[in-house]
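Protein chains in written order, with this note's numbering: chain A, 8 to 481; chain B, 8 to 481; chain C, 8 to 481; chain D, 8 to 481.
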């Protein structure tokens, strides 16, 4: 998931900038997206299931009109496929003023908050965290003198990892969770428009210069009066940025907490080369997020870097997965080896992470069929040993291959010659030295920055929304 | 708007029956529709903007699966065109059990209720009455021992004209407003399945036999334990059925409060013939809802009935209205005279109602061009003199032509030879004698069964939802 | 099928007029439609499967631009459902000038012409008659001095019943088959624009005044030089208008060969009343095309006319037919009786025709269930005894119920009290006296105006085109 | 454009294999696509504008059914945007047997052939080369004893560069132009099914092993009797493979004429490093087709390879190009620099080709803004100096920047420090030594293997087909 917002002026096309901003953040969520434009307090909104370029057409974008501010969101799919109904931003009509709310992240105490709210009379239409966030903020708003005060109070109740963007008729408010688990930054354009984004790559695209990351627990208010940072009375805790942002989630051209994601990944490859060296002829990366680390591994080890796997770039939402009755192999359809690169060679394959290990076996077979003599798998993430509570889709321990097998056993299972993981102590060295005060690597080392979720069984029978998974032509 | 529900068994396809039921009720709302299927407490739902046969495809209907109950709704368009977001039934996840709610009608004290709810912490996503209804019921549920008790208490707070269908995991609950302004009835199928519908015409279509109308203020609960009527402690007031249901809203093949709508319309034509006789050669009706009254006028007057106007039956949601730059006339495109019927004749044109009078002028011109010698307009409704608070789209006094002109002045304006309205005292004689205790004819005589709405200005800046009005091919 | 064309000037929106013209002709073909605009010799075209208001959106219509002429078509579905590929007008790029061709009708010697053309080197992409017509005209064009000369020569080869509209860069050419089996007429607008249409009802809609029917075998050329009729050297034979145009095909507000279709139908009802009188309480029509004859029957017999069956007007292309696993009945979903009209009554039901008799049984049951005491079916067409070669969908003798059973046997089969057909001699009296020189009633009396088709087995293995029958939402 | 075919058995799902095959060839054409399945001589087809995964859904693919053979095509867009009507394969119903034809390439003497055919009576519906090819083959078929004989004769008339796949009821026929300008190869699956494809990468995806390239002028017939190669009487000329297939068109994981495309590109980078060395800190490639050459340049020069530009991978057909009224820059939206890689560095940027030079200026600015100290552009193709007649979209001399400016002038225009092109003599060394007898590099050196086209002005006024460029949601 990702948030994007712009506080500008009516002479600029804020809807258009938000479109391109969300497009740059598409990798963080492909299930649904939405934009709300604020024209002197009147909100115009459009959201739907689908990619940014599928949902928004010229006509729809034009229909949003001009305005001083805009707010956007891309959302990833959840297992229950309520893609359309879960699309954000969430819109609220309220006596204290209407709001549009967009979030990235996960509320750990969702069940407790929701139960409490329901017992106070609130009703829920979705299972999206943003609905709980909206209710908490709106209730605080009734007893606060301003929307930012309400957000501040709400953040003491909302436990988890999240970035929030809230648009009121007059203000655009950015907030980052108490530990800064999820990234959020802002920039400025030449003419003084402010742009807020989950990742810095979206700032570049719309012509904004990076100003700074929002701090853990900080609230930043963009309004006619300029930029106001609120830290006092805020729930600020030690920084614990999700290290998986560096390893997998963010785009390599983004800079988070003053460190280039590309560089962090390249460093992971270098650490990996030191920790798990092996004699080989070529280093290849699993596209796309293994490529940076592969370059680092090659540079550190002196073994040449090569293009070993080609990824089909036309995969879309409506792609038909090969089923049981066809001979085609899902991995083969997406990845094809460059035989010339691996034939007769000892190959080091750098991948970003090994969670369940299901694709490793197939990729190894692809490379063997293409003539690779030896295959050494190197993971630029350590072993996953614990579930994530903050929005990363790392499953339960039962699903995590590293909970059950040693690297040697995995190598045998995959048909590879060896398997090596990034040492867990190295993940704390991926960022720029001296700038980030801390990381969350709970999925690797079990050290969670917050308490865990309590399952009160609320969502078990939530309403199922039937939706077409596939776009049909007429 | 219309509601439709079925309480059956899993061996029947309740989604399919609801589809055909809603299809029979399509004339009550063309903007959006939806179906919720209840499979042992798990709700499967689909709703969208569009006609029933546009929204539901085989695949979507099959995707709703089988279940013991289903609930549906067709909704008409409102001026702000939030068609998709206003689609019903509304779905609620709640600690006291999930609910699906479908309504037909209008809550007069919407603004007061909503303000009160917001001040208690509720948030609103739509400007649809059903959201206020849902909140009132859910809050009562927290302090009630059953959902039906909550509905009963809520109905003391909800002032207006409405029919409600509420589905809980175990029950299907039907309720009609305190005055029975809006129709609601139920029937039974051979194998004991219950079918609840805004109009009886939908019972026939799904093979159910009419049992009875729900009474004003009555709550009927359909569950495994059979049918239970709740009247005690209910807010029951004298019956005041909206008489416009007979004149325009309902389908002629429906029976409401024991009176056939067709017969009521035919009677209107007969009363009209007595009140405003004129020498003429042929009686024609304005299709479709003027045809029944025209037959009555012809029968009473002895003047032959003729087919004088043909209505194009292919008008769909996406039809392009002729704009300023084309020569085509909107009325001409939809209606074409049968010249043979009117040429050289003295024509009586029976229409269902004259609200603003805009189309009258054009139809008179069509008939004159086709050779009609004299044109006498007869309206099977009396003069509209007051706005409606209960869901009929009768505008403010400023828009009502009868507030400004006499029938003689109107005839001159329209280019007709005379104009005659049904006398207001006759509307009370349209139904079956002795069965209906009373009607609401407030739009004609100003005698409202409830207090009027108070405008607290809440919705003025409600969020605008951009939606495509038109279906595009790719 | 139907053709529509306009020869005007660039200051008028010819695409828009064609849209409304086709919309008025929609009843003649619901499978596909198309429009071609001619802008100084440059053709802009759009066509697709679907109704006129589904296929054409504002954007598509605007995209066709302005022009001096336009040509349109609505096409009915054929059993092989190649709806999109069969859409007309057909567009031809040719060294002698490009053409757009639109047709209504059927070529009897299609197989022989196509075989001959293929042996000369032509290739075929569809099984649509218009492709053979296009090839014949184009080949004649190579040896003719003008496009109208080519059309004239081609018409000696094309045996069948058809109306043709052909647009060249400079001219719009209308032609009607040698016997005038299919209707075609033209009108003029105030400012001198010519409008050509299969039926006159479409002239009214676009503001044109009827001028005259095209004669059998006549060619009329519309160009900058005005209107030129070509009859010399033309293949003109005695007029044999398809009488089924009066009974079923055309809209009641059209006038064909100087006779109102409504009046022809009303006359059919009157003849029927004389031929098959019966004592009864009410005359009802099967909507929509039985209504005119029912009024005629009522007028002649003196028995009151009533509204006995209501047809649901929201049936669209994507409507889901109830299948085997649901209890709903297809006839019930589309037609519902008005119980009040038929309960305890002796009912005369006037239908337009009885081909296979499948729906009769169901309608009789509907009326019996609604309480009808007696049901007398009267068909405003005679018994169908022969297949049609000219485009009416009358099947083989094996499918025609009248080839196998007497009216008495049918009454028993349907559960009706009696069945009566229009005497075949009366069909020749339906039109205006003295204006039409003759009719084709071959489906009733076997007297075909042309030779029949020879089956050379060419199409048996024609290419199947997969198309979605149903529009899916995303 | 690309062709793909499979000759198998009904037990395999040939439609599904063709879907995945076309998906692997998507980079050769994004405008439209189509599949025809041959089930014992009955053809089932579906084609439309759009990407493979947009056009084909589960339902459409299932609707094509099972069969012994299938044929597919992906087509690129042409300037006149008749995407839907130009979709292939082309289907032909013909007395000598139906055919489906799919092609990749361009017929140089299109105008002469078409004029000749039209004068013989043929009509044309598209401006797609495949329609001329179809007519030539079909006419030859009338005077040949077999379809393969007709193809052989037709190939003497068809001048140009092309790959053809023709499906008759019993056979699948592959043919490559006289000079082998366009690639075509086939492979075999374990169970004896044959797979024919424009590029070998699609063989891997469907589990087929590469057998061999089709020879220039060769015809290969796949039928129940196995594989038959026809070279006798064929129009075979010296091989002249389009060298741009190596530089840009093909996928790096394909092997053409025994040479890996990746390796050819890497070699181009190496030759470039030798020809245009420069002192620098990092070598980056312009994604995607500049990456292979950048690796080669880095390896040869010893300068480290880096990830300098990130390409947004979510670009789809419906992406909204920023227009005049927005500040976003098209290049910025698609490409974003990795600042860390280039900041303060002397950068060598390897691009695949410089045709018009429009994007170079923008990319240079992107890198400068990201802090690059020096920027040296290296093109892995030589200077474009001549138009291409064989299907590569290289425009007229007036558009080619290398016809007007020296590399030094270009460097100044782009804001780069230097510009270097691959020496034209090196392009002949890109392939594997000793296997390819010759290349066409006419766009670089003007040495065309065939005569050029004659413009007879036929298409100037071809019919415009209105199509929506953009997919709209409802």
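Just so it is clear, CB atoms sit at the ideal spot from N, CA and C, and this is done for glycine as well.
Do you know offhand how far residue i's Cα is from residue j's?
i: residue 266/A; j: residue 137/A; result: 29 Å
i: residue 316/C; j: residue 116/C; result: 42 Å
i: residue 129/A; j: residue 165/A; result: 17 Å
i: residue 252/A; j: residue 268/A; result: 8 Å
i: residue 270/B; j: residue 373/C; result: 19 Å
i: residue 10/C; j: residue 313/C; result: 36 Å
i: residue 50/D; j: residue 44/D; result: 6 Å
i: residue 342/C; j: residue 214/B; result: 13 Å
i: residue 64/B; j: residue 55/B; result: 12 Å
i: residue 98/D; j: residue 105/C; result: 22 Å
Going by the beta-carbon positions, is the gap between residue i and residue j smaller than 7 Å?
i: residue 289/B; j: residue 260/C; result: no
i: residue 114/D; j: residue 155/D; result: no
i: residue 247/D; j: residue 445/D; result: yes
i: residue 409/A; j: residue 429/A; result: no
i: residue 500/C; j: residue 412/C; result: Here chain C comprises residues numbered 8 to 481, so residue 500/C is not present and cannot be evaluated.
i: residue 40/C; j: residue 21/C; result: no
i: residue 369/B; j: residue 427/B; result: no
i: residue 249/C; j: residue 159/C; result: no
i: residue 454/A; j: residue 278/A; result: no
i: residue 148/D; j: residue 178/D; result: no
Taking 6 Å as the cut-off, is the beta-carbon of residue i closer than that to any non-hydrogen atom of the ligand HEM?
i: residue 462/C; result: Because no ligand of any kind appears in the structure shown, any question about the ligand HEM cannot be addressed here.
### Query
Which residues, in chain order, does the stretch 104-128 of chain B contribute to contact with chain A at a C-beta distance below 7 Å?
Per Cβ criterion, the list reads 105, 122, 125, 126, 127 and 128.
### Message
Taking beta-carbon pairs under 9 Å, can you tell me which members of the stretch 124-155 of chain A lie near chain D?
### Response
So the list is empty, because no residue satisfies the distance condition.
### Message
Count Cβ pairs between the stretch 335-354 of chain C and the stretch 378-393 of chain C that sit closer than 8 Å; are there 3 or more?
### Response
Counting C-beta pairs closer than 8 Å gives three or more between the stretch 335-354 of chain C and the stretch 378-393 of chain C, which meets the contact rule.
### Query
Between the stretch 55-76 of chain A and chain D, which residues of the former have a C-beta closer than 9 Å to a C-beta of the latter?
Per Cβ criterion, the list reads 55, 57, 58, 59, 60, 61, 62, 63, 64, 65, 66, 67 and 68.
### Query
What residues in the stretch 24-41 of chain A bring their beta carbon closer than 8 Å to a beta carbon of chain B?
Result list empty, no residue passes.
### Task
Can you give me, in chain order, the residues of the stretch 251-268 of chain C that have a beta carbon less than 8 Å from any beta carbon in chain B?
So the close ones are 258, 259, 260, 262 and 267.
### Task
Could you list the residues in the stretch 201-212 of chain B with a C-beta less than 8 Å from some C-beta on chain C, going in chain order?
So the close ones are 208, 211 and 212.
#### Entry: Chain-ordered residues of the stretch 166-186 of chain B with a beta carbon less than 9 Å from chain A
Within the stretch 166-186 of chain B, the qualifying residues are 176.
### Query
What are the start and end residues of each continuous alpha helix (DSSP H) run of 4 or more residues lying completely inside the stretch 254-329 of chain B, in chain order?
With a minimum length of 4 residues, the continuous alpha helix (DSSP H) runs that stay inside the stretch 254-329 of chain B are 268-282 and 298-308.
#### Entry: In chain order, each beta strand (DSSP E) run of at least 3 residues that lies wholly inside the stretch 166-214 of chain B
Under the rule that a run must span 3 or more residues, the beta strand (DSSP E) segments found entirely inside the stretch 166-214 of chain B read 167-174, 179-183, 192-195 and 201-204.
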